Amino acid sequence: MRELVILGTASQVPTRTRNHNGYLLRWDGEGLLFDPGEGTQRQMIHAGVSATQVTRICLTHVHGDHCFGLPGVLSRMALDGVTYPVHLHYPVSGEGVVQALVSISSPGIDLRLHPHGAPGPVAEGLEVRPLKHRIETYGYRLNEPDGRTLLPERLAAAGIQGPDVGRLQREGALAGVGLHDVSAARPGQCFAFVMDTAPCPGAEELADGVDLLVAESTLSDDDAGLAHEYRHLTAGQAGELAARGGAGTLVLTHFSSRYGDDVRLLAEQAGARAGKATVIAAHDLQRVAFPQRRRLPVAGVPAGLEDQAGNIAKARTGGSE
Numbered sequence: 007m008r009e010l011v012i013l014g015t016a017s018q019v020p021t022r023t024r025n026h027n028g029y030l031l032r033w034d035g036e037g038l039l040f041d042p043g044e045g046t047q048r049q050m051i052h053a054g055v056s057a058t059q060v061t062r063i064c065l066t067h068v069h070g071d072h073c074f075g076l077p078g079v080l081s082r083m084a085l086d087g088v089t090y091p092v093h094l095h096y097p098v099s100g101e102g103v104v105q106a107l108v109s110i111s112s113p114g115i116d117l118r119l120h121p122h123g124a125p126g127p128v129a130e131g132l133e134v135r136p137l138k139h140r141i142e143t144y145g146y147r148l149n150e151p152d153g154r155t156l157l158p159e160r161l162a163a164a165g166i167q168g169p170d171v172g173r174l175q176r177e178g179a180l181a182g183v184g185l186h187d188v189s190a191a192r193p194g195q196c197f198a199f200v201m202d203t204a205p206c207p208g209a210e211e212l213a214d215g216v217d218l219l220v221a222e223s224t225l226s227d228d229d230a231g232l233a234h235e236y237r238h239l240t241a242g243q244a245g246e247l248a249a250r251g252g253a254g255t256l257v258l259t260h261f262s263s264r265y266g267d268d269v270r271l272l273a274e275q276a277g278a279r280a281g282k283a284t285v286i287a288a289h290d291l292q293r294v295a296f297p298q299r300r301r302l303p304v305a306g307v308p309a310g311l312e313d314q315a316g317n318i319a320k321a322r323t324g325g326s327e
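Residues 7 to 327 (the numbering used here) make up the sequence shown, in order.
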């Protein structure tokens, strides 16, 4: 299952309806918690999210609205008896703040610290890029490897069925038939998290070709001068980021309290510059389903049949594509 659970959408100052930051990405068997601000533990309860679903915590930077919820989340994980390793990623310059936050958490979990100070991979499929904020800040990108989707009509034409389908997948060829002969390219899905930054190359690298982009939209285009001063994105700049990267869905968040509960203006400004991206102005406790997988055209296969082929192939092989 892949979905984004929005735990909080406020920036520096929470409101009556918007908690500080907090985002849980459910990605197959992992739960990646991004920027848990103050009150995240309580928001998890309201959202129906268990602390035992969190396997990895990612901090973009150590401003309070992005990390002050860490002690509560870790303490709840200890209370719930989490026994697996929990990985914590953060900028190396935030070591002192992170150590202080961890020190006031309840002990008892296998917490593994992973500071980073340069762009590149930080875990399998997870990488970071530097952003442009007032302190050292990194955005995150999660990549699924590209794969293949089996095409039932080609399997049938080649006389491959039953257990031989799985064998073909494992070995790459069977009885003179190659996996590429009976399958189509399946692009891996990508997720990017861009928070607290002015426009910069790192943000563009993170957003390039992603299926789901979470981007701060702290201020309206009318407050572009203020955004520049504090190194934040305006709504329109968030839209431009999605358009340039060809993102499938853009989730706007991290709203300034000056706009109250109504952020339709920000959504409109982002939408006007977001290209083909679907724009969602997030609200607390919202669940955003991961977009459908993008399909490459397959020669000789009618549009839409690729999805059907993938479903049939998964049924035959016990769920593996």
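Positions of the beta carbon are idealized from the N, C-alpha and C atoms, including for glycine. None of these values were measured; they are calculated from a predicted model.
Task: Of the listed residues 285, 119 and 262, nearest to residue 254 (C-alpha basis) - done: Within the sequence shown, the letter at position 248 stands for residue 254. When each option's Cα is compared against that of residue 254, the closest is 285.
Open item on the list: Among the candidates 260, 85 and 300, whose CA atom is the shortest distance from the CA of residue 112?
Closed with: Within the sequence shown, residue 112 is the residue found at index 106, counting from 1. That would be 85, whose Cα lies nearest to the Cα of residue 112.
- [ ] In angstroms with no decimal places, state the Cα-to-Cα distance between residue 238 and residue 117.
- [x] What you label residue 238 is simply residue 232 of the sequence shown in a count that begins at 1. What you label residue 117 is simply residue 111 of the sequence shown in a count that begins at 1. Approximately 31 angstroms between the Cα atoms of the pair.
Open item on the list: Give the list of continuous beta strand (DSSP E) stretches no shorter than 3 residues that lie fully inside the stretch 77-164.
Closed with: 92-97, 117-122, 126-129, 132-136, 144-149 and 153-156
Task: At least three beta-carbon pairs within less than 8 angstroms, the stretch 121-138 to the stretch 199-217 - done: yes
TODO: In angstroms with no decimal places, state the Cα-to-Cα distance between residue 128 and residue 32.
DONE: Within the sequence shown, the letter at position 122 stands for residue 128. Within the sequence shown, the letter at position 26 stands for residue 32. Cα-Cα distance, rounded: 18 angstroms.
Task: Closest by C-alpha distance to residue 195, when choosing among 163, 229, 152 and 210 - done: Along the sequence shown, read from residue 1 onward, the residue named residue 195 stands at position 189. Ranking 163, 229, 152 and 210 by Cα distance to residue 195 puts 152 first.
Task: Per DSSP, the bridge partner or partners of residue 29 - done: Residue numbering aside, residue 29 sits at position 23 when the sequence shown is read from its first letter. Residue 29 pairs with 12 and 40.
Task: Completely contained beta strand (DSSP E) runs for the stretch 218-244, where each covers 3 or more residues - done: 218-222
- [ ] Ignore the nearest five residues each way along the sequence and tell me which others in residue 159's own chain have a CB closer than 7 angstroms to its CB.
- [x] Here residue 159 is taken as the residue at index 153 of the sequence shown, counted from 1. Excluding sequence neighbours, residue 159 sits near nothing in its chain.
- [ ] Give every residue of the same chain whose Cβ lies closer than 7 angstroms to the Cβ of residue 36, excluding the five residues on either side of it in the sequence, and list them in chain order.
- [x] Taking the sequence shown and counting its residues from 1, one reaches residue 36 at position 30. Cβ within range, chain order: 61 and 62.
Open item on the list: DSSP three-state label for residue 344, please.
Closed with: Residue 344 falls outside the range modelled here, since the chain spans only 7 to 327, and no answer is possible.
Open item on the list: Would residue 39 and residue 73 qualify as a contact pair, given that the criterion is a beta-carbon distance under 8 angstroms?
Closed with: Taking the sequence shown and counting its residues from 1, the one referred to as residue 39 is at position 33. Taking the sequence shown and counting its residues from 1, the one referred to as residue 73 is at position 67. For residue 39 and residue 73, no; Cβs fall outside 8 angstroms.
Open item on the list: I'd like to confirm something about residue 223: is its beta-carbon nearer than 7 angstroms to some heavy atom of the ligand FAD, or not?
Closed with: Looking at this structure, you won't find the ligand FAD or any other ligand, since it has none at all.
Task: Helix, strand or coil at residue 185 [DSSP, three-state] - done: On the sequence shown, residue 185 is found 179 positions in, with the first residue counted as 1. Note: residue 185 maps to helix in three-state DSSP.
Open item on the list: Closest to residue 190 by C-alpha separation, out of 175, 198, 199 and 20, would be which residue?
Closed with: As a working mapping, residue 190 is identified with position 184 in the sequence shown. Nearest of 175, 198, 199 and 20 to residue 190, Cα basis: 175.
Open item on the list: According to DSSP, is residue 22 part of a helix, a strand, or is it coil?
Closed with: Mapped onto the sequence shown, residue 22 falls at position 16. Reduced to three states, the DSSP call for residue 22 is coil.
Task: Contact check, residue 66 vs residue 290, beta carbons under 8 angstroms - done: As a first step, residue 66 must be located in the sequence shown, where it is residue number 60. As a first step, residue 290 must be located in the sequence shown, where it is residue number 284. Against a cut-off of 8 angstroms, the Cβ pair of residue 290 and residue 66 comes out as no contact.
- [ ] Out of 144, 105 and 109, state which residue places its alpha-carbon closest to the alpha-carbon of residue 124.
- [x] The residue you call residue 124 lines up with position 118 of the sequence shown. The residue with the shortest Cα to Cα distance from residue 124 is 144.
Task: Residue burial classification, residue 50 (beta-carbon count within 10 angstroms, cutoff 16) - done: Within the sequence shown, residue 50 is the residue found at index 44, counting from 1. Buried.
Task: Buried versus exposed call for residue 217 [16 or more other C-beta atoms within 10 Å across all chains shown] - done: Working through the sequence shown from its first residue, we reach residue 217 at position 211. Answer is buried; the Cβ neighbour count reaches 16.
TODO: Give a yes or no on whether the C-beta atoms belonging to residue 263 and residue 224 are separated by under 8 angstroms.
DONE: Taking the sequence shown and counting its residues from 1, one reaches residue 263 at position 257. Taking the sequence shown and counting its residues from 1, one reaches residue 224 at position 218. No, Cβ-Cβ distance for residue 263 and residue 224 is not below 8 angstroms.
Task: Three-state secondary structure (DSSP) of residue 51 - done: Locating residue 51 in the sequence shown gives position 45, where the first residue counts as 1. Of the three classes helix, strand and coil, the one that applies to residue 51 here is helix, per DSSP.
TODO: Flag this pair as yes or no: are the beta carbons of residue 256 and residue 283 separated by less than 8 angstroms?
DONE: To locate residue 256, count along the sequence shown from 1; it is residue 250. To locate residue 283, count along the sequence shown from 1; it is residue 277. Yes, these two residues count as a Cβ contact at 8 angstroms.
Open item on the list: Can you find the residues in the same chain that come closer than 6 angstroms, C-beta to C-beta, to residue 183, ignoring five residues on each side of it along the sequence?
Closed with: The residue you call residue 183 lines up with position 177 of the sequence shown. Here the set comprises 164.
- [ ] Rounded to whole angstroms, what's the CA-CA distance from residue 273 to residue 83? Just pull it up for me.
- [x] Along the sequence shown, one-based indexing puts residue 273 at 267. Along the sequence shown, one-based indexing puts residue 83 at 77. Near 35 angstroms, if we compare the C-alpha coordinates of residue 83 and residue 273.
TODO: Measure the CB-CB distance between residue 98 and residue 68 and report whether it falls below 8 angstroms.
DONE: Counted from its first residue, the sequence shown places residue 98 at position 92. Counted from its first residue, the sequence shown places residue 68 at position 62. Against a cut-off of 8 angstroms, the Cβ pair of residue 68 and residue 98 comes out as no contact.
Open item on the list: Just to confirm before moving on: does the CB-CB distance between residue 154 and residue 133 stay below 8 angstroms?
Closed with: Taking the sequence shown and counting its residues from 1, the one referred to as residue 154 is at position 148. Taking the sequence shown and counting its residues from 1, the one referred to as residue 133 is at position 127. It is not a contact, given that the beta carbons lie outside the stated cut-off.
TODO: State the DSSP-derived secondary structure class of residue 192, mapped to helix, strand or coil.
DONE: Taking the sequence shown and counting its residues from 1, the one referred to as residue 192 is at position 186. Reduced to three states, the DSSP call for residue 192 is strand.
Task: Beta-bridge partners of residue 166, as assigned by DSSP - done: The residue labelled residue 166 in the question sits at position 160 within the sequence shown. BP columns for residue 166 are empty, so no partner.
- [ ] Assign residue 288 to one of three DSSP states: helix, strand, or coil.
- [x] Taking the sequence shown and counting its residues from 1, the one referred to as residue 288 is at position 282. Here residue 288 sits in coil by DSSP.
Task: Three-state class that DSSP yields for residue 59 in the structure shown - done: As a first step, residue 59 must be located in the sequence shown, where it is residue number 53. Correct three-state label for residue 59: helix.
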